[in-house]
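Position 172 of the sequence shown, counted from 1, bears residue number 185 in the numbering used here, the numbering being contiguous throughout.
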Amino acid sequence: MTPAQKAAVAAILNTDLSTLDSDRLIELCVIYRAAPDALDTFPAALNAELVRRYSSEAIASEDVNFAVLQHMANQFQSTIPYFHLKLLEMTGTINRDIWFTDNEALFRASIDNAEVAAWLAGQPDILNKCLGNRLALGYIAQSVTAATAILTREEALALWKNAPALWDIWPQHREGMAVLAKSAELVQYVIDTPAALAAVVASQTALAAVVASQTALAAV
14 MTPAQKAAVA AILNTDLSTL DSDRLIELCV IYRAAPDALD TFPAALNAEL
64 VRRYSSEAIA SEDVNFAVLQ HMANQFQSTI PYFHLKLLEM TGTINRDIWF
114 TDNEALFRAS IDNAEVAAWL AGQPDILNKC LGNRLALGYI AQSVTAATAI
164 LTREEALALW KNAPALWDIW PQHREGMAVL AKSAELVQYV IDTPAALAAV
214 VASQTALAAV VASQTALAAV
């Protein structure tokens, strides 16, 4: 989307919602979904309008319109739809290092949200592209929330184990190592995997996480 297109969408969304009928509100919701970064205040404005507009009596007379609008408003309150949209943008980018550099703050904030992290762990295609990028892998390794979501989900864990730069990156970060060290199974995996063991032994950060974990010490 070009800056001019984004500005046009923002102008459409930035209106007095109380003057619109329900059908037009639904249309604006569809427009917002197509460009959620055009006007980030729209979800709050929509929520306020639904509270104002729909008394119990109004809901009874416009139940379907209310249900559609409230469903959309609920979706807009979650960070997942916007994060998903941005990650789809990432998958189509030739140089993902540039994307992850430009969107570092968004990515870090999103994966620190438990709901978003759990969602990402359940998206194998997108997750695999994140784990395959050294920058993104480092961001994930610095998030206890993201590391926990990935290392505790079987399919996500399998992708994590196959990340090309895993043992270059993961042992550098205490957060990810602390999560790993809580799992006797993963500690044993490190012991049984020469590249992993060598990387952990060579990293003071990784060793400190292992020493701090009773689970890890029991497995060693």
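Yeah, the Cβ is synthetic: ideal placement off N, Cα and C, and Gly gets one too.
Inter-residue CB distance, VAL200 and ALA209 (contact presumed, cutoff 8 angstroms): For the purposes of this step, residue 200 is taken as residue 187 along the sequence shown, with counting starting at 1. For the purposes of this step, residue 209 is taken as residue 196 along the sequence shown, with counting starting at 1. Not confirmed; about 10 angstroms, so no contact.
Residues near ALA131 by beta carbon distance below 6 angstroms, same chain, minus five either side: Counting from 1 along the sequence shown, the entry for residue 131 is found at position 118. Only ALA162 meet the Cβ criterion.
PRO177 - DSSP class collapsed to helix/strand/coil: For the purposes of this step, residue 177 is taken as residue 164 along the sequence shown, with counting starting at 1. The answer is coil: DSSP assigns PRO177 none of H, G, I, E or B.
Cβ-Cβ distance between ASN27 and LEU52 below 8 angstroms: Numbered from 1 along the sequence shown, position 14 holds the residue referred to as residue 27. Numbered from 1 along the sequence shown, position 39 holds the residue referred to as residue 52. Yes. Within cutoff.
Cβ neighbours of GLN83 in the same chain (closer than 7 angstroms, five flanking residues each side left out): Here the question's residue 83 lines up with position 70 in the sequence shown. Only residues of its own chain outside the window of five on either side were considered, and among them LEU63 have a CB closer than 7 angstroms to the CB of GLN83, listed in chain order.
Nearest residue (CA-CA) to SER123, options CYS42, SER156, ALA191 and THR54: Residue numbering aside, residue 123 sits at position 110 when the sequence shown is read from its first letter. Considering only alpha carbons, the answer is SER156.
ASN108 - DSSP class collapsed to helix/strand/coil: Stepping through the sequence shown from its first residue, residue 108 is reached at position 95. Reduced to three states, the DSSP call for ASN108 is coil.
Own chain partners of ALA47 with C-beta closer than 6 angstroms, once the 5 adjacent residues on each side are dropped: Walking along the sequence shown from the start, residue 47 turns up at place 34. The answer is none, since no qualifying residue turns up.
Range covered by the alpha helix (DSSP H) that runs through MET85: In the sequence shown, residue 85 corresponds to position 72, counting from 1. The continuous alpha helix (DSSP H) containing MET85 extends over residues 76 to 90.
Rounded straight-line distance, which links the Cα of TYR67 to that of ASN146: By 1-based counting over the sequence shown, the position of residue 146 is 133. By 1-based counting over the sequence shown, the position of residue 67 is 54. When rounded, the distance between both Cα atoms is 47 angstroms.
For LEU59, the first and last residue of its enclosing alpha helix (DSSP H): On the sequence shown, position 46 is the one that residue 59 refers to. Residues 55 to 66.
Pair within 8 angstroms by beta-carbon distance, LEU148 and THR114: Counting from one through the sequence shown, the residue named residue 148 turns up at place 135. Counting from one through the sequence shown, the residue named residue 114 turns up at place 101. Taking 8 angstroms as the cut-off, the beta carbon of LEU148 is found closer than this to the beta carbon of THR114.
Buried/exposed call for SER69, threshold 16 Cβ in 10 Å: Here the question's residue 69 lines up with position 56 in the sequence shown. With fewer than 16 Cβ atoms within 10 Å of its Cβ, SER69 is classed as exposed.
Burial state of ILE107 (16 or more Cβ within 10 Å): Sequence index remark: in the sequence shown, residue 107 carries index 94 (1-based). ILE107 comes out exposed.
Check whether THR184 and THR218 have beta carbons under 8 angstroms apart: If you number the sequence shown from 1, residue 184 lands on position 171. If you number the sequence shown from 1, residue 218 lands on position 205. Sequence inspection shows Pro at residue 184; the Thr mentioned does not correspond to that position. Yes, the pair counts as a contact, with Cβ atoms nearer than the cut-off.
C-alpha distance - LEU98 paired with LEU144, whole-angstrom precision: For the purposes of this step, residue 98 is taken as the residue at position 85 of the sequence shown. For the purposes of this step, residue 144 is taken as the residue at position 131 of the sequence shown. Roughly 18 angstroms separates the two Cα atoms.
Distance CB(ILE44)-CB(VAL22) smaller than 8 angstroms: Here residue 44 refers to the residue found at position 31 when the sequence shown is read from its first residue. Here residue 22 refers to the residue found at position 9 when the sequence shown is read from its first residue. Judged by their CB atoms, ILE44 and VAL22 are nearer to each other than the 8 angstroms cut-off.
Burial state of SER74 (16 or more Cβ within 10 Å): For the purposes of this step, residue 74 is taken as residue 61 along the sequence shown, with counting starting at 1. Burial call: exposed.
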